[in-house]
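In our numbering, the protein residues as written are 21 to 176.
Cβ coordinates follow ideal geometry from the N, Cα and C atoms, glycine included.
Just so it is clear, the structure is predicted and the values come from calculations on it, not from any experiment.
The structure appears right after this line, and notes come after that.
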């Protein structure tokens with residue numbers, strides 16, 4: 021049996037909606053009903069790549085708009101290996117972002133990465149963001165520029 025770790029956190033309404041949208045995205049991708057623990061366990065390794073994928077300012081902006089603090093309680097139990105990976109990444113993220121990053125923040129950034137990956141900008145209104153918040157947040161929905169130069173131009 022795999023070791024697990026349980027969490028009970030209080031998050032903002034936007035954060036809660038981010039979790040449910042992430043569940044929906046992966047459920048639809050795999051044609052299987054996902055749960056929050058399934059999403060977190062599947063994406064846990066991805067958290068270590070966030071620093072290579074996004075600018076620090078965009079991640080800080082995400083954490084400001086999608087707050088980990090709030091009155092909506094969620095509980096989940098994930099594999100201990102996933103928790104260890106996310107907690108270690110949270111420390112590294114905190115150093116780069118210049119602010120304390122806890123596991124709920126790292127999970128939020130991991131879910132942010134899923135939304136960017138799934139190119140689901142329509143999620144913004146489903147998260148309940150106002151037009152101003154959505155506009156501010158949409159600026160962050162991009163990956164860092166890489167040194168990769170496409171061999172073929174993109175077709176319109």
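Alpha carbon to alpha carbon, how far is residue 37 from residue 56?
12 Å
Between the Cα of residue 227 and those of 23, 134, 60 and 46, spot the shortest distance and give me the residue it belongs to.
Because the chain spans 21 through 176 in this model, residue 227 falls outside it and cannot be assessed.
Cutoff 6 Å; reference residue 27; Cβ partners in own chain excluding five residues on either side:
96
Let's test the definition: count the other Cβ atoms within 10 Å of the Cβ of residue 79 and tell me whether it reaches 16, buried, or not, exposed.
buried
Rounded to the nearest angstrom, what separates residue 99 and residue 58 at their Cα positions?
9 Å
Taking just the CA atoms, how far does residue 62 sit from residue 50?
12 Å
Checking 9 Å against the spacing of the C-beta atoms, do residue 86 and residue 128 come in under that value?
yes
Among 121, 149 and 153, the one whose alpha carbon lies nearest that of residue 67
121
DSSP bridge partner residues for residue 24 (one or two, in chain order)
99
With H, G and I counted as helix, E and B as strand and the rest as coil, what does DSSP make of residue 177?
In the structure as shown, the chain begins at 21 and stops at 176. Residue 177 is therefore absent and cannot be evaluated.
How about residue 123 and residue 137: are their beta carbons less than 9 Å apart?
no
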